[in-house]
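All remarks here apply to the structure that follows.
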Amino acid sequence: MGTKIKRIYKKISLKRTTVLILVFVIMSVVLVRRLFDLQIIQGEDYISKFQARTTKERVLKSTRGNILDRNGDILASNVLSYSLTLEDNGTYTSTREKNLTLNGVAYQVLQILHSNGDDITHSFHIVVDKNGEYAFDVAEGFTLNRFRADIYGQALIDDLKDEQKTATADQMMEFLTGSEKFSIVLSGDRAYTEDELTSHGLPLTLTKQEMLDIATIRYELNTNSFKKYMQVTIATNVSEKSVAAIMENKTGLQGIDVVEDSIRQYIDDESMAPILGYTGKASSEELTELRKQNPDYSNDAIVGKAGIEQYMELTLQGTDGKETVSVDNLGKVLKIDEDTKVEPVAGDDVQLTIDTDWQSAIYQILKQRVAGVLLTKIDAAKTFDYTYVTDASQIRIPIYDVYNALISNSVIDITKFSNEDASDIEKNLYAKFQQKQQRVFDTISTKLNGSNPPAYKDEDEETQEYLSYICNDLLRDTLGIISKDAIDTSDATYKAWTTDETISLKDLRRFPILMLDRKSTTSEFLHNLFLQHQLELMPQIELSSNDLLIDLARIGLGIAFIPDYCLNRESKELFIVKIKEKLPARQMVTAVNPTLPIAQSTEEFLKLLPSLPELG
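Number 393 in the numbering used here belongs to position 393 of the sequence shown; there are no gaps in the numbering.
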């Protein structure tokens, strides 16, 4: 009986197992069918619905108001342009992946812009100088300290750590490009592999300028890190070639978009430029001040920097609008929510009381008057002695001053005088310049290559100037062909060179000046001397002892103003600098009481004074 029951139980168990297997198979078939339906048949529909779930708020830029003259003529307006924006809309598996993606996008955009003559727009205060090194473009002060605080994420300048307050441009770039910030360049075990760089469109090595540009873009984007989908403008007034290249490669440039924008256009009249001013991207300190009166300023706002643009900023600046949009995972707009749209409000126009025609006419008259004065007062001289001038009409303008004010400061570009569109006067002037230049070159070549040239002291003043420039400025100071340390200052030729050459008070100011302190009569005399020649004396060092001044001059710290009797004429280490201007005579008055006895040393001193009356 028991055996029979066991057999029946086994048969039942076998049937249950079979049933479970069948159920499992059926469920698997159903599941596979369902997955096939979801992924294959309805996959695109579900992906579309998923992509449409991400929404963001997009800023609609306003336009600045126009500036008009009293007659209603437009002096400043807006013209259509294109700008590039960047937003962080990606989904990343790690911070490393995020940095690689954003750095790669920034690098590729930079290559497109540079290849078409465009560049990014920013208010970054670090540049690559002419020596290829990182440097600040502003001096030490509030602006630079505010920049340091922004870089290191401090709300206030006072919150900066000691090492951050004194951080150099190199140190700040090391911080920005390293693992602490944007991971543009990593080293050691954390260094990017070749595959990682290549897959994200990055080269194996970056130049300093490329690292700076990428860091600048990342910094601008980082200002909106609290809003993931907030756009930042990285380039304005972009050429159509760059726009076309960006749009062609847009699928591989995550977060990059081309938007219609406007740029400021001014009337083509140089007389109005100082009045109207100009616009530019707002700095952090400007935004801080402007937001006190209008909190709606965006981080990449364009504001007035000078003139009417700056003075009437709050009137001219419009109010940005906004709209909510649905985007896919690549940032592509799928739908605009019209119910949430707020239209931008353009800034108000500003009408001036200035008549542009009158302003231009008066400006041209002033230019002609100044040119006339300049033409009639120019002297072919290096300096002009103002000492004995009693009437302004007697003042002459040295040609050196004209050169330094107009040509050396790039007010006049003399090379443009040779262009085909140059006027006849400009071409004639340039021809004379070339003729003079060739004569000078021939003269100098003869002097340097001749077998028996005249002595330096026997040359005319102009030739001495050229020879001094070649020897001192070019060969010694610039090229270093002549070593200062190797010069034998006791050599007769060197002494003749240095003692026979003269220098003007104006040129003397280029050197460090050592003199007695302000309390001395000598200091007062020298300051008055320079003022007589319309110059300001700015001494490098002021001391109370002539002996100390001599010691400092001996070790090469500058030119010392000392009485000639204090200098040992036989000294091999010092020499007298001859001044072109005639120095006024100084008088010394000695008074003695004839009724009192005089020490022998005093009596001997008085005998050295030829003009002193006999003692009574």
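Backbone N, C-alpha and C define an ideal beta-carbon position, used for all residues, glycine too.
Practice task
Return the bridge partner residues of Y266 from the DSSP annotation.
Solution key: A76
Problem - Buried or exposed (CB count within 10 angstroms, at least 16 for buried), L20 - result: Taking all protein chains shown into account, L20 has fewer than 16 neighbouring C-beta atoms within 10 Å of its C-beta and is therefore exposed.
Exercise for the section: Would you kindly work out how many angstroms separate the C-alpha atoms of L366 and D355, rounded to a whole number? Expected result: 17 Å
Exercise for the section: Give the DSSP bridge partners of Q171, in chain order. Expected result: Under DSSP, Q171 shares a beta bridge with no residue.
Practice task
Please determine, among D300, H533, D88, the residue with the shortest C-alpha to C-alpha distance to K61.
Solution key: D300
Handout entry: DSSP-derived helix/strand/coil call for Y82
Key = strand
Practice task
Please state if the CB of L75 and the CB of L619 are separated by a distance shorter than 8 Å.
Solution key: An answer regarding residue 619 cannot be provided, because it is not within the stretch 1 to 616 covered by the chain.
Practice task
Just the C-alpha distance for T590 and K607, rounded to the nearest angstrom, thanks.
Solution key: 12 Å
Exercise for the section: Pair every Cβ in the stretch 172-187 with every Cβ in the stretch 206-219, then say whether three or more of these pairs are closer than 8 Å. Expected result: yes
Exercise for the section: Would you mind giving the Cβ-Cβ distance between I407 and I399, rounded to the nearest angstrom? I have them listed as a contact below 8 Å. Expected result: Between I399 and I407 the Cβ distance is about 11 Å, and since that is not below 8 Å, they are no contact.
Handout entry: K427 (DSSP reduced to helix, strand or coil)
Key = Looking at K427 - three-state DSSP - the assignment turns out to be helix.
Problem - Per-residue burial, I576 [other beta carbons within 10 Å of its own, 16 or more giving buried] - result: exposed
Handout entry: K506, buried or exposed, once every other Cβ within 10 Å from all chains shown has been counted against 16
Key = Buried, because 16 or more other Cβ atoms sit within 10 Å of the Cβ of K506.
Problem - Proximity below 8 Å, CB of G347 to CB of T63 - result: Their beta carbons are under 8 Å apart, which means G347 touches T63 by this criterion.
Problem - Helix, strand or coil at S360 according to DSSP, with G and I counted as helix - result: helix
Exercise for the section: Starting from F142, trace the alpha helix (DSSP H) both ways and give me its first and last residue. Expected result: 142-151
Exercise for the section: Return the bridge partner residues of S326 from the DSSP annotation. Expected result: T55, K335
Problem - Beta-carbon separation (whole angstroms), D137 vs H122, contact threshold 8 Å - result: Taking the Cβ atoms as the reference, D137 lies roughly 11 Å from H122, outside the contact range of under 8 Å.
Practice task
Ignore the nearest five residues each way along the sequence and tell me which others in L160's own chain have a CB closer than 8 Å to its CB.
Solution key: Non-local C-beta neighbours of L160 in its own chain, meaning closer than 8 Å and more than five positions away in sequence, comprise N145, R148, A149, Y152, Q154, ordered along the chain.
Problem - Beta bridge counterpart(s) of Y134 as assigned by DSSP - result: V128.
Practice task
Please report the Cβ distance between L110 and E210, rounded to the nearest whole angstrom; I am assuming they are in contact, meaning their Cβ atoms lie under 8 Å.
Solution key: 7 Å
Problem - L531 to N409 span [Cα, whole Å] - result: 24 Å
Practice task
Go ahead and pull the three-state DSSP assignment for T18.
Solution key: helix
Exercise for the section: For V259, write down the residues that DSSP places opposite it in a beta bridge. Expected result: S83
Exercise for the section: Please list, in chain order, all residues of the same chain as G321 whose beta carbon is under 6 Å from its beta carbon, the five residues on each side excluded. Expected result: The answer, listed in chain order, is L60, V342, E343, P344.
Handout entry: CB of D391 within 8 Å of CB of H533, strictly
Key = Going by C-beta atoms, D391 is not nearer than 8 Å to H533.
Problem - Per-residue DSSP class, three states only, for P203 - result: coil
Exercise for the section: Provide the residue span of the alpha helix (DSSP H) that contains T463, from first to last. Expected result: 461-468
Exercise for the section: Helix, strand or coil for T521, going by three-state DSSP, please let me know. Expected result: T521: helix per DSSP, three-state reduction.
Exercise for the section: Out of K578, Q359, K519, point me to the one whose CA is closest to D268's CA. Expected result: Q359
Exercise for the section: Check whether the Cβ atoms of V259 and D118 sit closer than 8 Å, and answer yes or no. Expected result: No, these two residues do not count as a Cβ contact at 8 Å.
Problem - Per-residue burial, A244 [other beta carbons within 10 Å of its own, 16 or more giving buried] - result: Result: exposed.
Practice task
On a CA-only basis, which of V29, T55, I40 is nearest I336? Give me that one, please.
Solution key: T55
Exercise for the section: Would you tell me roughly how many angstroms separate the C-alpha atoms of S242 and P203, rounded to the nearest one? Expected result: 21 Å
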